[in-house]
Each structure stands twice: as structure tokens, then as C-alpha cells.
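Worksheet for the structure shown next.
Number of protein chains: 2
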Amino acid sequence: MGKYPKIPEATIRRLSNYLKCIEDLESKNEKVASSALLASMCNVNAAQVRKDFAYFGEFGIRGMGYNIQELRNHIKEILGINREWRIAVVGIGNMGSALLVYKDFLKQNYKIVAAFDIDPVKVIGHISERMGRPVEILHIDTLKEVVDARNIEIGIITVPPQEAQKVADQLIEANIKGILNFSPAPVRAPDKIKIRNLFFTSALDNLIYYLTN
Amino acid sequence: MGKYPKIPEATIRRLSNYLKCIEDLESKNEKVASSALLASMCNVNAAQVRKDFAYFGEFGIRGMGYNIQELRNHIKEILGINREWRIAVVGIGNMGSALLVYKDFLKQNYKIVAAFDIDPVKVIGHISERMGRPVEILHIDTLKEVVDARNIEIGIITVPPQEAQKVADQLIEANIKGILNFSPAPVRAPDKIKIRNLFFTSALDNLIYYLTN
């Protein structure tokens with residue numbers, strides 16, 4: 005168990021959203037944010053914001069709002085993203101390519117240090133052209149060796165669904181700690197490996213539930 | 005208020021994940037699923053699965069597991085995805101292109117009926133080549149007219165972050181009901197418009213929190 009054993013998963017998820025909104029405010033040179041403002045930006049209510057923050061002790065001074073810089077640092081520390089995390093992306097189609105240029109990863113210490121495909125030669129020219137610089141795409145067969153050599157802890161899966169479990173197994177075999185799966189097929193792993201399946205249909209399902217009900 | 009006013013948001017989110025797992029089982033010709041199996045596939049515990057389903061009445065017969073086909077239909081009805089939803093994608097870069105070919109949208113009645121970009125001529129050849137067929141990309145200036153003519157209810161934003169709010173405003177002006185934002189900048193809308201911001205960093209934040217704690 006870590007420092008925060010009893011925090012609801014929904015609170016952890018909202019912390020990420022608060023962080024995004026805080027950084028958005030920071031980019032606009034704001035110094036202080038009220039719970040009402042954060043609530044409005046994150047589509048929750050202000051009481052929820054205060055309740056979520058209360059799990060972690062005193063973040064703000066009553067009536068003064070939250071100091072944005074302190075809040076940002078505190079949330080990053082809670083989430084464990086106050087240090088660099090080294091990531092491999094497997095499957096460099098449209099989705100994988102989008103991730104290679106996703107600027108927010110850099111801002112959050114999410115460093116993509118390797119990109120793999122089953123056919124590196126086929127994708128390399130296309131990606132390099134889009135990114136405006138040469139890109140190194142490695143063959144999937146080198147995965148274990150590269151994960152080890154580059155101290156990679158997280159694998160992102162962006163292959164077609166029928167390949168997803170096979171790639172997950174290869175990542176597990178390569179001693180990766182966590183997997184983020186963008187493929188529309190759920191992947192499974194032993195308990196010691198953390199997995200998040202990010203299904204785009206789920207985001208739409210959720211939106212539509214609230215449109216309907 | 006709709007039919008299910010008091011369901012926790014986390015339950016609604018998990019319903020989507022259960023649906024994905026159920027469909028995965030269905031594609032393998034399974035007919036029945038236990039709560040233990042669904043739990044293991046969705047990274048929750050079996051008691052949580054039963055509790056989530058209990059909000060909606062009796063889904064299964066004790067000791068018999070859930071009938072997969074009934075469960076799938078029931079969840080789709082709850083979520084409101086048992087009918088077609090017409091969608092526009094705005095911003096046809098890597099991410100937008102990935103969505104145009106995302107097969108699971110079709111399976112869920114999510115029909116992308118229009119794709120917009122600020123420079124349709126520039127992207128059209130590239131996308132057509134990747135999709136293996138001609139693709140119609142419309143100029144963003146035609147958004148309102150096309151949304152109206154094609155009965156589009158949902159807009160997906162896949163433009164760079166600095167353009168995201170502007171596009172959101174255009175979608176709102178076009179009388180869209182819901183917005184799914186893939187851009188890494190949070191977008192805001194009046195209360196009557198439902199918005200979901202899908203930040204990839206949030207998925208990684210969440211994974212890392214559970215790796216760290």
C-alpha cells in the first residue's frame with residue numbers, strides 16, 4: 005500500500021482533469037484558482053473539487069482560492085508524475101503516429117523513448133514526413149532488448165485489435181510495469197501488471213448516456 | 005431527469021467497459037459470462053460487477069452467470085446507444101484520421117457522417133490513400149450548414165489545442181448536443197451542451213498513480 009490507500013478511483017481520475025485545467029490556467033498566466041472556477045472548467049461542482057482535494061490535506065486557504073503553482077506540484081506528486089516515465093509505443097499507424105507528436109506527454113514527463121512496428125520500413129517514411137524529422141521505428145522483435153536497454157516502464161498499445169493481446173504478452177515478457185491499451189480489444193495481464201484500456205467508444209457511451217438521461 | 009437518475013458516474017463508466025468485454029466474448033462465440041469473468045476482464049472485482057448491474061434490476065440468474073446477448077442489449081439500452089448517433093469529426097490530422105477508420109464506432113451505432121478541416125485539400129489525398137478509398141473532407145466554414153443538413157448531434161474535436169475552443173464554439177453555434185474533445189486543451193460550453201474531454205495524459209496519470217501507490 006502506498007501513501008494514499010483509500011482514495012476513491014473517481015477522485016484520482018478527477019485529479020488528472022484538475023491538473024489539465026490548472027495547467028491551462030497557468031499557460032494564461034493565472035496565479036490563483038477558486039474551486040468554483042476549477043469546477044466549471046472540469047464539468048463537476050465546486051463541493052466535489054473541495055472534497056477531492058480534502059483527501060490530501062490542506063491545499064488552499066479558505067476564501068482565497070488555490071495557489072496554482074503549488075496545486076500543480078502537489079497533484080503531480082500525488083499522482084507520481086513528478087519524475088520521468090519512459091514509454092514505448094507499439095504499432096505506428098495513425099493512432100501511434102498521433103501519440104508520437106502528442107505535445108502534452110512531454111509536459112508531463114511522459115517520454116516516448118521507443119516506437120515499434122511489425123513493418124518499420126513501411127511506416128518510417130510516412131511518419132518522418134509528418135513529423136518533419138527522421139524517426140526511428142524499431143522492429144517488434146527487438147522489443148525485450150530495447151525495453152531493457154532503455155529502462156522503459158510503460159508500454160502503449162496502438163496495434164489493430166486482433167494483435168493487441170499478443171503485443172500485451174510481449175510487453176509483459178519484456179518486464180514492462182504498466183500498459184495503456186488504445187486498441188479496441190480489451191487486453192489482460194497478471195495482477196502485478198497494471199493495465200488501462202482506453203476505448204474511444206466508452207467516451208462516446210458516457211457522453212450519450214448523459215445526453216439521453 | 006431520465007430513467008436512471010441516481011446511478012454513480014463510475015458505474016456508468018464501468019458499464020461501457022463491461023460492454024466492450026461482453027462484445028469481446030461474443031466475438032468468441034461465448035453465450036454466458038460470470039461476474040468473476042467480467043471482473044477479471046475489466047480489472048474490477050466480481051462484487052463490483054454485481055453491484056453495478058443491480059442498479060438496473062435483475063440481469064442474471066444466481067449461479068448461472070449472465071446471458072451475454074441479453075446483457076449486451078440491456079447495457080446498450082441503458083446507455084442510450086441502441087440507436088444511431090450521427091457524428092462530425094473536426095480536424096483531420098493523425099488523430100482525426102485514426103477516428104475515421106476506428107471500426108468499433110460502426111459496431112456501436114456511432115456513425116461519422118462528416119469530416120471537417122481548415123484545409124481539406126491538403127489532407128484529402130493523404131487520408132484517401134490510407135483508407136483505400138476517396139474520402140470527403142469538408143471545409144470548416146460549412147460546419148453549421150452540414151450539421152443541420154445531416155442531422156448531426158455529436159461533434160468530435162481533433163484539432164491542435166490552440167484551436168480547440170474556437171471549434172467548440174463553432175459546434176455549439178451549429179446546435180450540436182454533445183462534444184467529445186480529443187485535443188489536449190480543455191474546452192468549455194454552456195450547461196445544456198454535454199462535453200467530455202478525453203486527455204491521453206489522464207489515462208497515463210491514472211496508470212502511474214496505481215504503479216506508484
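Read top to bottom, the protein sequences are chains A and B. Heads up: the first sequence begins at 5 in our numbering, then just goes up one per residue. Heads up: the second sequence begins at 5 in our numbering, then just goes up one per residue. Positions of the beta carbon are idealized from the N, C-alpha and C atoms, including for glycine. Remember, predicted model here, so these are calculated numbers, not experimental data.
Determine the DSSP secondary structure at M5 of chain A, reduced to helix, strand or coil. Only weak support exists for where M5 of chain A lies, its pLDDT of 45 falling under 50; the coordinates are left without a value.
Legend entry - Spatial distance of C25 of chain B from K170 of chain B (CA atoms): For C25 of chain B and K170 of chain B, the distance between alpha carbons rounds to 36 Å.
Q. Under a Cβ-count criterion, where at least 16 other Cβ atoms within 10 Å of its own Cβ denotes burial, should S20 of chain B be classed as buried or exposed?
A. Classification of S20 of chain B: buried, given that the 10 Å Cβ count is 16 or more.
- Message: Taking 8 Å as the cut-off, does the stretch 82-97 of chain A touch the stretch 82-90 of chain B (at least 3 CB pairs, one atom from each stretch)?
- Response: Contact fails between the stretch 82-90 of chain B and the stretch 82-97 of chain A, because fewer than three Cβ pairs, one in each stretch, are under 8 Å apart.
- Of the residues B:T146, B:Q73, B:L184, which one's Cα is nearest the Cα of I197 of chain B? Answer by Cα proximity: B:L184.
Q) Around the C-beta of V191 of chain B, are 16 or more other C-beta atoms found within 10 angstroms, so that it is buried, or is it exposed? A) Result: buried.
Next on the checklist: For I199 of chain B, count the other beta carbons within 10 Å of its own beta carbon; 16 or more makes it buried, fewer makes it exposed. Which is it?
Outcome noted: So I199 of chain B counts as buried.
Note to self: Assess contact between the stretch 198-213 of chain A and the stretch 33-41 of chain B, defined as three or more Cβ pairs (one per stretch) separated by less than 8 Å. Is contact present?
What the structure shows: The answer is no - the stretch 33-41 of chain B does not touch the stretch 198-213 of chain A, with fewer than three Cβ pairs under 8 Å.
E27 of chain A to R76 of chain A, Cα distance in whole Å?
-> Here the C-alpha atom of E27 of chain A lies approximately 7 Å from the C-alpha atom of R76 of chain A.
Which residues of chain A have a Cβ atom closer than 8 Å to the Cβ of P188 of chain B, listed in chain order? Chain A residues near P188 of chain B: K24, Y106, K107, D108.
*Check each candidate in A:I156, A:A189, A:Q166 and name the one with the smallest Cα separation from E177 of chain A.*
Ranking A:I156, A:A189, A:Q166 by CA distance to the CA of E177 of chain A puts A:I156 first.
- Query: Is DSSP giving L98 of chain B helix, strand or coil here?
  - Reply: According to the sequence shown, residue 98 of chain B is Asn rather than Leu. In the three-state reduction of the DSSP assignment, N98 of chain B falls in the helix class.
CB contact check: M68 of chain A to chain B, cutoff 8 Å:
Interface criterion not met: the Cβ of M68 of chain A is under 8 Å from no Cβ in chain B.
Exercise. Can you say whether M99 of chain B is buried or exposed, counting buried as having 16 or more other CB atoms within 10 angstroms of its CB?
Key: With 16 or more other Cβ atoms inside 10 Å of its own Cβ, M99 of chain B counts as buried.
Open item on the list: Please report the distance separating the alpha-carbon of Y214 of chain A from that of G182 of chain A.
Closed with: So the two alpha carbons sit approximately 31 Å from each other.
Could you give the first and the last residue of the continuous beta strand (DSSP E) run that contains V117 of chain A? Residues 114-121.
Which residues in the same chain have their Cβ closer than 7 Å to the Cβ of R154 of chain B, if we skip the five residues on either side of it in sequence? In the same chain as R154 of chain B, and ignoring 5 residues on each side of it, the C-beta atoms closer than 7 Å to its own belong to R90, V117, A118, in chain order.
ask   = Looking at the unbroken beta strand (DSSP E) that takes in R18 of chain A, where does it start and where does it end?
value = Looking at the DSSP string, R18 of chain A is not in any beta strand (DSSP E); the run it does join, the alpha helix (DSSP H), is 13-31.
Bounding residues of the alpha helix (DSSP H) (the contiguous stretch that carries N77 of chain B): For N77 of chain B, the enclosing alpha helix (DSSP H) starts and ends at 72-83.
- prompt: Relative to the C-alpha of V93 of chain A, which residue among A:D56, A:V53, A:I144, A:D108 is closest?
  reply: Of the listed residues, the one whose Cα sits closest to V93 of chain A is A:I144.
Could one say the Cβ of G159 of chain B lies closer than 8 Å to chain A's Cβ atoms, at least one of them?
Chain A contact via Cβ: absent.
**Prompt:** In chain order, which continuous runs of the alpha helix (DSSP H) of length 4 or greater are located wholly inside the stretch 144-168 of chain B?
**Reply:** Counting only runs of 4 or more residues that sit fully inside the stretch 144-168 of chain B, the alpha helix (DSSP H) segments are 147-153, in chain order.
Tell me, which residues are paired with N49 of chain A by DSSP?
-> BP columns for N49 of chain A are empty, so no partner.
Measuring straight from C-alpha to C-alpha, what distance separates L23 of chain B and E30 of chain A?
Put simply, the backbone Cα of L23 of chain B is about 38 Å away from that of E30 of chain A.
Does L202 of chain A come out as helix, strand or coil in the three-state DSSP assignment? Look at L202 of chain A here: in three-state DSSP terms it is coil, with no helix or strand label.
query = Who pairs with A92 of chain B in a beta bridge, going by DSSP?
reply = Answer is B:A118, B:G159.
I need the straight-line Cα distance from D152 of chain A to A14 of chain B, nearest angstrom please. Using only the alpha carbons, I get a separation of about 36 Å.
With DSSP collapsed to three states, give me the class of I183 of chain B. I183 of chain B: strand per DSSP, three-state reduction.
Notebook entry, point to check: Any residues in the stretch 111-127 of chain A with a beta carbon nearer than 9 Å to a beta carbon of chain B? Which ones, in chain order?
Noted result: Residues of the stretch 111-127 of chain A with a C-beta less than 9 Å from any C-beta of chain B: K111, Q112, Y114, listed in chain order.
**Request:** Give the DSSP-derived three-state secondary structure of V171 of chain B in the structure shown.
**Result:** It is helical.
message: Suppose you measure from the CA of N217 of chain A to the CA of E81 of chain B; what does that come to, to the nearest Å?
response: As the crow flies, the alpha-carbon of N217 of chain A is around 11 Å from that of E81 of chain B.
Beta-carbon contacts of M5 of chain A that lie in its chain and below 6 Å, excluding the five residues immediately before and after: Caution is warranted here: a pLDDT of 45 is assigned to M5 of chain A, below 50, making its placement in the model unreliable, and no coordinate value can be reported.
Next item on the list: Mind listing the chain B neighbours of Y213 of chain A? Cutoff is C-beta to C-beta under 7 Å, in chain order.
Entry: Neighbours of Y213 of chain A on chain B, chain order: I16, L83, G84.
- Message: Under 8 Å, Cβ to Cβ, is there at least one residue of chain A near N21 of chain B?
- Response: Chain A contact via Cβ: present.
How many angstroms separate the CA atom of G104 of chain A from the CA atom of P165 of chain B?
Residue 104 of chain A is actually Leu in this sequence, not Gly. Straight-line Cα distance between these residues: approximately 16 Å.
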